[in-house]
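*Asks:* This structure is in structure tokens; I'll ask about it shortly.
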Amino acid sequence: MTDSKKIEDGGPAFARAGAEHSQGGNFEQDGMSLRDYAAIHADVPWNAVIETLRLIGNENPTIEAIVDYRARVKYAEADSMIAARSRPKVYTIGDATMERVFKPSGLTNVSDLQAVFDAVEKALAPGGRDDE
Numbered sequence: 001m002t003d004s005k006k007i008e009d010g011g012p013a014f015a016r017a018g019a020e021h022s023q024g025g026n027f028e029q030d031g032m033s034l035r036d037y038a039a040i041h042a043d044v045p046w047n048a049v050i051e052t053l054r055l056i057g058n059e060n061p062t063i064e065a066i067v068d069y070r071a072r073v074k075y076a077e078a079d080s081m082i083a084a085r086s087r088p089k090v091y092t093i094g095d096a097t098m099e100r101v102f103k104p105s106g107l108t109n110v111s112d113l114q115a116v117f118d119a120v121e122k123a124l125a126p127g128g129r130d131d132e
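Numbers 1 to 132, taken from full-length UniProt numbering, label the letters of the sequence shown in order.
Next comes the structure, spelled out in structure tokens:
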């Protein structure tokens, strides 16, 4: 059974500079996908899988059921990790940083990243803050 929806695999996990990625099976070049690598390293404890299967009604899960469920959870985590890479990064400025760094420098709009860095550098420089 094949799904017509392409699964985003993140590309090669160990891409080499200058190597052509065939995505068609030239494994000497492509290696494993980032999705496979992330799934392999996802920490899904066996006892948690067995307990989860029992909680959802499988009182005596077989080895096949345990391995299958564990693999599905590992790949679900890998898929989430790959999806997170493409989401915009959101940074929040804490109240203390706003009060001690930005407001004293007159910077209240922190959407200009260069101005933010300039304010941080000034605050961290010796004699950069008036309150010390």
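Virtual Cβ for every residue (Gly too), placed ideally from N, Cα, C.
Owing to the predicted nature of the structure, the values given are computational and were not obtained by experimental measurement.
1. Here's a check: name, in chain order, each residue in its chain whose Cβ is nearer than 7 Å to the Cβ of A119, leaving out the five neighbours to either side.
2. Between the Cα of A39 and the Cα atoms of Y75, R54, K5, E59, which residue gives the shortest distance?
3. From what residue to what residue does the alpha helix (DSSP H) around I40 run?
4. Within its chain, find whatever has a CB closer than 6 Å to the CB of Y37; leave out the 5 residues flanking it on each side and keep chain order.
5. Could you work out which residue in D79, M32, A125, K89 is closest to I7 when comparing CA atoms only?
6. Below 7 Å CB to CB, which residues in the same chain sit around A65 once its five sequence neighbours on both sides are set aside?
7. Compute the Euclidean distance between the alpha carbons of D43 and I63, then round it to the nearest angstrom.
8. Note down the Cα distance separating A71 from R35, rounded to an integer number of angstroms.
*Replies:* Let's see:
1. V101, F102, S105, L107
2. Y75
3. 34-41
4. A13
5. D79
6. L53, N58
7. 18 Å
8. 12 Å
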